[in-house]
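Take any residue in the sequence shown, count from 1 to its spot, add 33: that is its number in this note's numbering. Where a beta carbon is used, it is the ideal one built from N, C-alpha and C, also for glycine.
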Amino acid sequence: QVQLVESGGGLVQAGGSLRLSCAVSGFFFSISAMGWYRQAPGKQRELVAQISRAGSTDYGDFVKGRFTISRDNAKNTVYLQMNSLKPEDTAVYYCNALRYPAYWGQGTQVTVSS
């Protein structure tokens, strides 16, 4: 059974940093590209960053230069380092395996105060 468990969210002041983690199980993690998404209240879920099996990365324009996605295949975990956080980054953050798009975790809340 595919499972994704996000953690690391919290309340931080603008300009601060957080590191999110997503532990996955139930499939061969190393063969799937992974993505981080976010959903703010009243808005659609949007792609924040993604990382390929080989480690190539891509980012939404709104986080380029501030966020870094990485993965540790030995730990079946994908990370999102978020720096220079802004109030508009406030959202629930989710990870997703592009090979298994129907599966989502519970998400982790990130709140950035001004």
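With H, G and I counted as helix, E and B as strand and the rest as coil, what does DSSP make of Phe62? As a working note, residue 62 is residue 29 in the sequence shown. In the three-state reduction of the DSSP assignment, Phe62 falls in the helix class, which pools H, G and I.
ask   = At a cut of 8 angstroms, does the region 56–64 reach the region 104–111 through at least three beta carbon pairs?
value = Look at the beta carbons and you see the region 56–64 touching the region 104–111: at least three pairs across the two are nearer than 8 angstroms.
#### Entry: DSSP state of Asp122 mapped onto helix, strand, coil
On the sequence shown, residue 122 is found 89 positions in, with the first residue counted as 1. Asp122: helix per DSSP, three-state reduction.
### Task
Please go through the same chain and pick out, in chain order, the residues whose beta-carbon is closer than 8 angstroms to the beta-carbon of Arg78, but skip the five residues on each side of it.
As a working note, residue 78 is residue 45 in the sequence shown. Excluding its 5 nearest sequence neighbours in each direction, Arg78 has C-beta neighbours in its own chain below 8 angstroms: Tyr70, Arg71, Gln72, Tyr127, listed in chain order.
Assigned secondary structure, Phe100 (DSSP; H/G/I helix, E/B strand, else coil): Residue 100 sits at position 67 when you count from the first residue of the sequence shown. Three-state result, Phe100: strand.
Is there a Cβ from chain C that is less than 9 angstroms from the Cβ of Phe60?
Annotation note: the requested chain C is absent from the structure, which comprises a single protein chain.
Going by beta carbon distance, what residues of the same chain come within less than 7 angstroms of Ser117, once the five residues before and after it are set aside? Within the sequence shown, the letter at position 84 stands for residue 117. Closer than 7 angstroms at Cβ, skipping near neighbours: Gly48, Arg99.
**Prompt:** For the candidate residues Leu51, Met67, Gln46, Cys55, whose alpha-carbon lies nearest to that of Glu39?
**Reply:** On the sequence shown, position 6 is the one that residue 39 refers to. Here the closest residue by C-alpha is Cys55.
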